[in-house]
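Q:
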Amino acid sequence: MNQTPSSVVVTARTLSLSQWQVWVIVAFVISCAYFSINLHLTQVQERNVDALLQQTSVLHRTVLNGSSEPSWLIHAAQLFPQIQHHVPPASEELRRPLEELTRRFSAGETIPDRQLIEVSRDLGGVVNELAALDASLQRQAGFATHYYYLSLIVLLLSSAGFVYWRYNLRAHSPLKLLLDDQFLFTNIPVAVSLSDANDRLLRTNKAFEKTTGFSGSELIGEQSVCDDSLEEQAAVEHMRTQLEEKGSWTGEYRMRCKDGSAHAEKVMRIGLKDSAANVQGYLTLSMEAATSDAEQRLMLWQAHHDNLTKLPNANLLNERLGRALQENKRGAVISIDLDNFKNVNDSLGHAGADRILIEAAHRIALCARESDTVARMGGDLFVIAATDMKDIAQAEQLARSIVEAFATSFAVEEGELFITSSCGVTIFPDDGATAGELLQKADAARLDAKARGGNQLKFFEEQMNIVAARRFELESNLRKAIAGQEFELHFQPIVDISKQEIYGAEALLRWRSPVLGMISPFEFIPVAEATGLIVDIGRWVVAEVQRYLKIWQTTIPGLRVSLNVSARQLVDEGDVEELLAALALQCSDQITVELTESALVQNEGNALQFLQGLRDINVRLALDDFGTGYSSVGYLRDYEFDVLKVDKSFIDGIDNSRDLGLVASIVAMGRILGMKVVAEGVEEADQLERLKRIGCDYVQGYHYSKPLPADEFEAFVLAFKDPQTHSEAATPTSVADIANQSG
1261 MNQTPSSVVV
1271 TARTLSLSQW
1281 QVWVIVAFVI
1291 SCAYFSINLH
1301 LTQVQERNVD
1311 ALLQQTSVLH
1321 RTVLNGSSEP
1331 SWLIHAAQLF
1341 PQIQHHVPPA
1351 SEELRRPLEE
1361 LTRRFSAGET
1371 IPDRQLIEVS
1381 RDLGGVVNEL
1391 AALDASLQRQ
1401 AGFATHYYYL
1411 SLIVLLLSSA
1421 GFVYWRYNLR
1431 AHSPLKLLLD
1441 DQFLFTNIPV
1451 AVSLSDANDR
1461 LLRTNKAFEK
1471 TTGFSGSELI
1481 GEQSVCDDSL
1491 EEQAAVEHMR
1501 TQLEEKGSWT
1511 GEYRMRCKDG
1521 SAHAEKVMRI
1531 GLKDSAANVQ
1541 GYLTLSMEAA
1551 TSDAEQRLML
1561 WQAHHDNLTK
1571 LPNANLLNER
1581 LGRALQENKR
1591 GAVISIDLDN
1601 FKNVNDSLGH
1611 AGADRILIEA
1621 AHRIALCARE
1631 SDTVARMGGD
1641 LFVIAATDMK
1651 DIAQAEQLAR
1661 SIVEAFATSF
1671 AVEEGELFIT
1681 SSCGVTIFPD
1691 DGATAGELLQ
1701 KADAARLDAK
1711 ARGGNQLKFF
1721 EEQMNIVAAR
1731 RFELESNLRK
1741 AIAGQEFELH
1751 FQPIVDISKQ
1761 EIYGAEALLR
1771 WRSPVLGMIS
1781 PFEFIPVAEA
1791 TGLIVDIGRW
1801 VVAEVQRYLK
1811 IWQTTIPGLR
1821 VSLNVSARQL
1831 VDEGDVEELL
1841 AALALQCSDQ
1851 ITVELTESAL
1861 VQNEGNALQF
1871 LQGLRDINVR
1881 LALDDFGTGY
1891 SSVGYLRDYE
1901 FDVLKVDKSF
1911 IDGIDNSRDL
1921 GLVASIVAMG
1931 RILGMKVVAE
1941 GVEEADQLER
1951 LKRIGCDYVQ
1961 GYHYSKPLPA
1971 DEFEAFVLAF
1981 KDPQTHSEAA
1991 TPTSVADIAN
2001 QSG
């Protein structure tokens, strides 16, 4: 009597839970369907907008070229309804000039250039709006895809949980439950298979058959399609061990297909046990949905195009360039990047920089021909593969048109922004037989154009390859130089003319590589600055200067040492703060920091912070290479320098009355502004005499000494003070003496 109600309760709970599980699965199926439909609609709209963008870009290019053919006007009229549908605000701007041109064309009137320019401008606005819409739809498609697969994974997990729940709740075989379950094998849009304890297949669904190419009848009773080849045996054994120990396994599973191929799938395998904990079979669920032909085409397109600009990417460029080389075509590869784009990224942020890149891509594409491939390689780097060119002049004309395309400012929220470009050009098959070789040489030419100030084009020359190889060699070894203690400081004395005393020294960096030998700073410093390694090297220089000043407090007390800070060290605010902290550690009142005008021009905001920080820790400031910049006098007014260093080029010509007058003016200006003046590069006694007559404070140069290693410098200073006691460090009096000393 008492058992019957208990049985009834259990049955009721079983029924209630079963309904709940079914509703959960149904809810996730609906969720998958919703996101699938949403994804499909978004992708269709994105493809329509992308196609319209391509057609509108071609139309814009045609109008820009000043075409007098009426066909473009007919094409514009055909495209206008789609433009109006997708970008209504931009279409309204285009409507009026388009209607006016259509009226003039119908009346047989000549179309004025002014109206062509107006239509071109409005078409450019349409292209920009369509590009922005295309990018937005791309993001929406990505969002929908993310949630579609998330819902799918949850559905798989829920299905697996449902199977376990039914198995634990009822005294039935899990294999029988799954074999009878039409829902699982009919509706789940991923590959599902059921196998027995010996891994022989009992059932598969349509998605599984589509993935492998096998039909259900071909597989039943056969061994699982898991790739158990000799190469995969270790992975298969690991999977089986995990199934035995944990009851389930998730990982990569190589699935054999009917055509003999094998491809990797992300799968979940679940061991199905009976009430006695004996394995009766395995349920295998793929973690990837079967894709439709449309989805596969979309994936293929995405694999060959840049998401931001919609241009071909490096994969497609290499494929087309390789095909052109195989067909023995003649053409050019043009490598393009934007000058100082990092500053744009820093000032506008990623979103603003992306808008600039989209507009830059549009400008470059408008310069190219229909047969050319314009690709974005990443960042601000673009490449054009131009095939079927008649001669080099055509390549030059194309590259020059790209440089000129950036003469017009970019519209940003703050107003206008001017960005220039650098182009490197290489010709095939003359310059190379492979895509990789041509791209490398085009990049070398582009870097040469950039090194010459940018905003220009440069054709590849073999010498560039030698320079590029040397640069790579230097960069590779330079990265190991600090850890390998390969740097050393040499010190060149700075002499007080009137007192004939050594006032201080300039610390100059030297690199003695065990692989490359002694490397000139004129060669390795530009590489260190370009790669950013100069930041770490600069911190090392500061620490070394402080170490030597500490040592020399007993032997040459009061000595002042100046060190150079490059523009690259002031780019990042964090680097500036670290540099100031390092300078403040010790002996800051004996250190002078030398800056060039270019360092101030390139990083005005951070430079101001740096100069104020130097004042706070009592570090003196010198303006190096004074007289070689465009506005040095203006910087003397804006910043409080302690020292002016007159460039060697003026000292070399000081026997000329004009140069002597210029140096005298600098000395007088320094005195009025309360600054000391150092003349660099003094090599002859008559130069020293002239500088003394015009009242120059200090001199530095080979007349007194070349830059010396620390121990030799210390001996030189002591000998300078007391020649009789320290006669082994005799003071050189001419360049010839120095040459003899150095061997």
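Counting from 1261, one number per residue, gives the positions in the sequence shown under my numbering. Using N, Cα and C, we set each Cβ at its ideal position, and we do this for glycine too.
Take glycine 1913 and list the residues in its own chain whose beta-carbon comes closer than 6 Å to its own, dropping the five residues that flank it on each side.
A: For this step, residue 1913 is matched to residue 653 along the sequence shown. Same-chain partners within the cutoff: Asp1919.
Q: Quick check on leucine 1933: buried or exposed, where buried means 16 or more other Cβ atoms within 10 Å of its Cβ?
A: In the sequence shown, the residue the question calls residue 1933 occupies position 673. By the 10 Å Cβ count, leucine 1933 comes out exposed.
Q: Residue range of the alpha helix (DSSP H) that threonine 1208 falls in?
A: Lying before the first or after the last residue shown, residue 1208 is absent from the chain, which here runs from 1261 to 2003.
Q: Apart from the five residues on each side of it in sequence, which residues of its chain come closer than 7 Å, Cβ to Cβ, to threonine 1856?
A: Taking the sequence shown and counting its residues from 1, one reaches residue 1856 at position 596. Closer than 7 Å at the Cβ level, and outside the excluded window around threonine 1856, lie Asp1884 and Asp1885.
Q: For glycine 1684 and arginine 1706, which I take to be in contact (beta-carbon distance under 8 Å), what is that distance rounded to the nearest angstrom?
A: Taking the first residue of the sequence shown as 1, we reach residue 1684 at position 424. Taking the first residue of the sequence shown as 1, we reach residue 1706 at position 446. Indeed, because the Cβ distance is near 3 Å, the residues count as touching under 8 Å.
Q: Any chance the stretch 1587-1603 sits against the stretch 1635-1648, with 3 or more Cβ pairs inside 8 Å?
A: Contact between the stretch 1587-1603 and the stretch 1635-1648 is present, because at least three Cβ pairs lie under 8 Å.
Q: If you drop the 5 nearest sequence neighbours on each side, which residues of the same chain put their C-beta closer than 6 Å to that of cysteine 1517?
A: Numbered from its first residue, the sequence shown carries residue 1517 at position 257. Contacts found: Thr1472 and Gly1473.
Q: May I ask which residues mark the beginning and end of the beta strand (DSSP E) holding cysteine 1683?
A: Residue 1683 sits at position 423 when you count from the first residue of the sequence shown. Per DSSP, cysteine 1683 belongs to the beta strand (DSSP E) from 1681-1688.
Q: With a CB to CB cut of under 6 Å and the five nearest residues on each side skipped, what residues in its chain are close to isoleucine 1954?
A: In the sequence shown, residue 1954 corresponds to position 694, counting from 1. Only Ala1924 and Val1927 meet the Cβ criterion.
Q: Have a look at aspartate 1459 and glycine 1541 and give me their C-alpha separation to the nearest angstrom.
A: Walking along the sequence shown from the start, residue 1459 turns up at place 199. Walking along the sequence shown from the start, residue 1541 turns up at place 281. Cα to Cα, the separation comes out at about 7 Å.
Q: How big is the Cα-Cα spacing for glutamate 1721 and tryptophan 1771?
A: Here residue 1721 refers to the residue found at position 461 when the sequence shown is read from its first residue. Here residue 1771 refers to the residue found at position 511 when the sequence shown is read from its first residue. Roughly 29 Å between the two C-alpha positions.
Q: Closer than 6 Å by C-beta to isoleucine 1816: which residues in its own chain qualify, once you throw out the five before and the five after it? Chain order, please.
A: Counted from its first residue, the sequence shown places residue 1816 at position 556. These residues qualify, in order along the chain: Val1977.
Q: Report the residue from Glu1900, Leu1571 and Ala1645 whose alpha carbon sits nearest the alpha carbon of asparagine 1578.
A: Indexing the sequence shown from 1 puts residue 1578 at position 318. For the residues Glu1900, Leu1571 and Ala1645, the minimum Cα distance to asparagine 1578 belongs to Ala1645.
Q: According to DSSP, is glutamine 1342 part of a helix, a strand, or is it coil?
A: Translated into positions along the sequence shown, residue 1342 becomes position 82. Residue state, collapsed to three classes: helix.
Q: Do glutamine 1342 and leucine 1312 have their CB atoms nearer than 8 Å?
A: As a first step, residue 1342 is located in the sequence shown; it is residue number 82 there, counting from the start. As a first step, residue 1312 is located in the sequence shown; it is residue number 52 there, counting from the start. A contact, by the Cβ cut-off of 8 Å.
Q: Is it right to say isoleucine 1718 is buried, meaning 16 or more other beta carbons lie within 10 angstroms of its own, or is it exposed?
A: Taking the first residue of the sequence shown as position 1, residue 1718 is located at position 458. First, the amino acid is wrong: residue 1718 is lysine here, not isoleucine. Label assigned to lysine 1718: buried.
Q: Where do the N-terminal and C-terminal ends of the beta strand (DSSP E) with glycine 1921 fall, by residue?
A: Along the sequence shown, one-based indexing puts residue 1921 at 661. Element bounds for glycine 1921: not the beta strand (DSSP E) but the alpha helix (DSSP H), 1917-1932.
Q: Taking the alpha-carbon of serine 1780 as reference, which of Ala1790, Glu1664 and Leu1768 has the nearest alpha-carbon?
A: Residue mapping note: residue 1780 aligns to position 520 of the sequence shown, counting from 1. For serine 1780, the nearest C-alpha among the options comes from Leu1768.
Q: Would the beta-carbon of valine 1906 fall within 8 Å of that of valine 1937?
A: Here residue 1906 refers to the residue found at position 646 of the sequence shown. Here residue 1937 refers to the residue found at position 677 of the sequence shown. Yes; because the gap between Cβ atoms is below 8 Å, this pair is in contact.
Q: Output the distance between the C-alpha atoms of glutamine 1723 and glycine 1961, rounded to the nearest integer angstrom.
A: What you label residue 1723 is simply residue 463 of the sequence shown in a count that begins at 1. What you label residue 1961 is simply residue 701 of the sequence shown in a count that begins at 1. About 34 Å.
Q: What residues match up with tryptophan 1771 in a beta bridge as DSSP calls it?
A: Numbered from its first residue, the sequence shown carries residue 1771 at position 511. DSSP output for tryptophan 1771 lists Phe1747 and Ile1779 as bridge partner(s).
Q: What are the boundary residues of the alpha helix (DSSP H) that threonine 1694 is part of?
A: For the purposes of this step, residue 1694 is identified with residue 434 of the sequence shown, where counting begins at 1. Counting along the chain, threonine 1694 falls outside any alpha helix (DSSP H), and DSSP gives it neither H nor E.
Q: Exposed or buried, what is threonine 1668 when buried is set at 16 or more other beta-carbons lying within 10 Å of its beta-carbon?
A: Residue mapping note: residue 1668 aligns to position 408 of the sequence shown, counting from 1. Exposed is the call here.
Q: Any idea what DSSP makes of leucine 1839, helix, strand or coil?
A: By 1-based counting over the sequence shown, the position of residue 1839 is 579. Note: leucine 1839 maps to helix in three-state DSSP.
Q: Quick check on DSSP: helix, strand or coil for threonine 1510?
A: On the sequence shown, position 250 is the one that residue 1510 refers to. Note: threonine 1510 maps to strand in three-state DSSP.
Q: From asparagine 1588 to leucine 1839, what distance separates their C-alpha atoms?
A: The residue given as residue 1588 occupies position 328 in the sequence shown. The residue given as residue 1839 occupies position 579 in the sequence shown. Taking the straight line joining both Cα atoms gives about 55 Å.
Q: Can you tell me which residues form a DSSP beta bridge with proline 1753?
A: The count along the sequence shown starts at 1 and reaches residue 1753 at position 493. DSSP lists Ala1765 as partners of proline 1753.
Q: Can we say the stretch 1798-1811 touches the stretch 1843-1851, given the rule of at least three CB pairs closer than 8 Å?
A: They touch, by the three-pair rule.
Q: Which residue comes first and which comes last in the alpha helix (DSSP H) that contains arginine 1880?
A: Stepping through the sequence shown from its first residue, residue 1880 is reached at position 620. No alpha helix (DSSP H) holds arginine 1880; the beta strand (DSSP E) holding it covers 1880-1886.
Q: Leaving out the 5 sequence neighbours to the left and right, which residues in its chain are closer than 8 Å to lysine 2015 when beta-carbon positions are compared?
A: Since the first and last residues shown for the chain are 1261 and 2003, residue 2015 lies out of range.
Q: Measure the Cβ-Cβ separation of lysine 1966 and glutamine 1760 and say whether it is below 8 Å.
A: Here residue 1966 refers to the residue found at position 706 of the sequence shown. Here residue 1760 refers to the residue found at position 500 of the sequence shown. Against a cut-off of 8 Å, the Cβ pair of glutamine 1760 and lysine 1966 comes out as no contact.
Q: Sort Ala1611, Glu1766, Ile1652 and Gly1384 by Cα distance to leucine 1968 and report the nearest one.
A: Taking the first residue of the sequence shown as position 1, residue 1968 is located at position 708. Taking only the C-alpha atoms, the option nearest leucine 1968 is Glu1766.
Q: Tell me alanine 1592's beta-bridge partners as DSSP assigns them.
A: By one-based count along the sequence shown, residue 1592 stands at place 332. Alanine 1592 pairs with Ala1646 and Ile1687.
Q: Can you find the residues in the same chain that come closer than 6 Å, C-beta to C-beta, to valine 1879, ignoring five residues on each side of it along the sequence?
A: Numbered from its first residue, the sequence shown carries residue 1879 at position 619. Excluding sequence neighbours, valine 1879 sits near Leu1843, Ser1848, Ile1851 and Val1853.
Q: Can you find the residues in the same chain that come closer than 6 Å, C-beta to C-beta, to glycine 1714, ignoring five residues on each side of it along the sequence?
A: Taking the first residue of the sequence shown as position 1, residue 1714 is located at position 454. Correct list, in chain order: Asp1599, Thr1680 and Ser1682.
Q: Ignore the nearest five residues each way along the sequence and tell me which others in isoleucine 1687's own chain have a CB closer than 7 Å to its CB.
A: The sequence position of residue 1687 within the sequence shown is 427, counting from 1. So the qualifying residues of the chain are Ala1592, Ile1652 and Ala1655.
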